[in-house]
Each structure stands twice: as structure tokens, then as C-alpha cells.
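Enquirer: Residue 30 in UniProt numbering is what sits at position 30 of the sequence shown, and the numbering runs on without skipping anything.
Where is the CB? At the ideal position from N, CA and C, for every residue including glycine.
Can you keep this structure in mind? I'll have questions shortly.
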Amino acid sequence: MEQILHTKGGEDEEGYAKNSAFQRSVFMNVNHAPNRSIQEFCQANLAEAECIRVADLGCASGPNAFTNIQVSLNDLVSNDFNSIFKVLPSFYQKLEESYGRGSRSCFIAAMPGSFYGRLFPDNSMHFIHSSYSLHWLSQVPSGLVTEEGLPLNKGNIYTGKTSPKSVHDEYLDQFDRDFTNFLSARADELVSGGHLFVTLTPKIDDPVAYNVPDLLGMTMNDMLSEGLDTFNLPDYRPSLEEVKTIIEKNRALKISIWIPFNCEWLLRGRQIAGRATYSIQTPMPSTGLGA
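In C-alpha cells, the structure reads:
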């Protein structure tokens, strides 16, 4: 799963780097919260900390990566980290222009691996950030077929509007395990008083509206002559209550601020929206269907 679960790399017109305007707009609308968290932490702890350590989990590729102080950029080993490294010289140049040559105090490194396990030493990170990444599961839920091997999620590629309750339960169980592992690992890695800031893709409860995987599943059904029976994405969009319940079970962390955020789909035009979806989803269907 770690070899195929990544956005489309590269710098061409179909790559994620040039088709992530929506994710960028979400980050720009909510970044006041992590900025405030960093300021509050630094005011309280800067005198004792020789170096503030920051991590961006699920950084993907392109210009949206979160950068500040000593930064560890994390994603799976199949991620295109090169597109991030290519923009670092211009980033460092801007720092020197702002603060003077030789004054650079920001150091950036890549940390490949799954954020559902440990990435950093105990009590080593001051601030950890993850945006639009945790809806990706560590694996496709295992209980999506009957004892006879028949598919339970026929015609869907994740928990779609026509998926039976048993399929939803399997996806929720997998998300519960993964998110619990994520929180437990971060609790061990954060220093006392450290901050974890997460932006999640929520479930759409509107019976008329569709998530992107719903539309992708409809398209794939139309394209495949025999229908779509056994291809399922490791993708789960949780409800607010599901997220709160899992966090509250993890007693090592507590919710200090909760910001429900509604963001309209900002990509106008079928071609632009199609490119954005293509840059995110392409590696998985092409692998799963043998393309």
C-alpha cells in the first residue's frame, strides 16, 4: 500500500504540485490556528528549548509543504520529495533577504514512512501538523467480501451512498485503528505542552451532494463493461462525532481548539477539477486495475 498511496509527482500540468489549489486555499483559511499555537508555545517554552522541532505529516509534493524552524517533512516512501527539495533554494534565499546572509535558522529534512507508526524519538517534537492526509487509511478494510468471496461493496470504491452498513462499519473500524495509532505515536513524540494540529476531510451528509470518490466510482463504473465489484480505495471520510470519540479515548491528548470549517470547491471548470482529481487518485486505480 505504501508503494502506491501517493499523489502524482513531477512538475507537469497533471502533477499534484500544479493541481492542489483547493488544499492550499483550505490551509490559508485555517493557518491562523497553527500560527497561534506556535506563538503560544514559543512564548511559554522558547527560553528552555534550544531548537523548536516541527513536522508536517503527509506533506505530499509541491509548494504546499509547511515550513518553519527545524522542519521534518513526512510522507510515504513513494512520495515525490524531489519537487519539494527543488523549491528549497528559493526559500532559503528569501530567508537571507529578510534576515541577512548567514542568519538562516531553518533546517528542512525528509522523513519517509507511514505516520500510523512512530517517526520521531520520544519527547522530541514541539509542533506536528497534518492537513488533508488522515482520510487515507493504512490499508483497505479486510471484511469487504462474504465468506464465499462475493463482494459486499459492489458498484462502489469506498463507503459510497449505496454501500451497505457492514461496509461502512468495516471502514470505520479501520479508521478507528489507524487514527488511534496516529494519536498514540504523536503523543509519545510530542514534548510536554506540544501541539498537534490536524485538518481532516469530513463526511458529506447532504443526500444530494457527493464526495470526489463517489464521482470517481460512477465514472469507473461507466468505463468498465463488467461493472465495478472488487476495487476499493483505502479512503474514509469521518464525521465530526467519530473523530471526537476517537480523540477522547486517547487520554494522552486533549482537544484545545476545534474549528469546523466549510469550504466550497474552489476549482471552477471541469478541466481544472478533473486535473486536480487525476493528480491525487491516478496512482491507485492504475495499479489496482493493472493499467
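#1: So what does DSSP say about Q70, is it helix, strand or coil?
#2: Do R186 and I128 count as a contact pair if the criterion is CB distance below 9 Å?
#3: Quick check: the Cα distance between V167 and C51, rounded to an integer number of angstroms?
#4: Within this structure, are the beta carbons of Y236 and F182 separated by less than 9 Å?
#5: Rounded C-beta distance between E170 and P141? I'm assuming under 8 Å.
#6: The beta strand (DSSP E) that contains S192, what's its start and end?
#7: Would you mind reading off the limits of the beta strand (DSSP E) that contains L57?
#8: Which same chain residues end up closer than 7 Å to F107 when comparing Cβ atoms and leaving out the 5 residues on each side of it in sequence?
#9: By how many angstroms is the C-alpha of V145 removed from the C-alpha of L240?
#10: The beta strand (DSSP E) that contains I108, what's its start and end?
#11: Whole-angstrom Cβ separation of S83 and M111, contact assumed at under 8 Å?
Expert: This is what the structure gives:
#1: Working through the sequence shown from its first residue, we reach residue 70 at position 70. Looking at Q70 - three-state DSSP - the assignment turns out to be strand.
#2: Residue mapping note: residue 128 aligns to position 128 of the sequence shown, counting from 1. Residue mapping note: residue 186 aligns to position 186 of the sequence shown, counting from 1. Yes, these two residues count as a Cβ contact at 9 Å.
#3: The residue given as residue 167 occupies position 167 in the sequence shown. The residue given as residue 51 occupies position 51 in the sequence shown. The straight-line gap from Cα to Cα measures roughly 46 Å.
#4: Here residue 236 corresponds to residue number 236 of the sequence shown, with the count starting at 1. Here residue 182 corresponds to residue number 182 of the sequence shown, with the count starting at 1. Cβ distance not < 9 Å, so Y236 and F182 don't count as in contact.
#5: Taking the first residue of the sequence shown as position 1, residue 170 is located at position 170. Taking the first residue of the sequence shown as position 1, residue 141 is located at position 141. Taking C-beta atoms under 8 Å as the contact rule, E170 and P141 qualify, at a distance of about 4 Å.
#6: Walking along the sequence shown from the start, residue 192 turns up at place 192. First-last of the beta strand (DSSP E) with S192: L190 to T199.
#7: As a working note, residue 57 is residue 57 in the sequence shown. In the DSSP assignment, L57 falls within the unbroken beta strand (DSSP E) covering R53 to L57.
#8: In the sequence shown, the residue the question calls residue 107 occupies position 107. Only residues of its own chain outside the window of five on either side were considered, and among them Q70 have a CB closer than 7 Å to the CB of F107, listed in chain order.
#9: For the purposes of this step, residue 240 is identified with residue 240 of the sequence shown, where counting begins at 1. For the purposes of this step, residue 145 is identified with residue 145 of the sequence shown, where counting begins at 1. Cα-Cα distance, rounded: 28 Å.
#10: Counted from its first residue, the sequence shown places residue 108 at position 108. Segment F107 to P112, the beta strand (DSSP E) holding I108.
#11: Reading the sequence shown from its first residue, position 83 is the one you call residue 83. Reading the sequence shown from its first residue, position 111 is the one you call residue 111. Between M111 and S83 the Cβ distance is about 16 Å, and since that is not below 8 Å, they are no contact.
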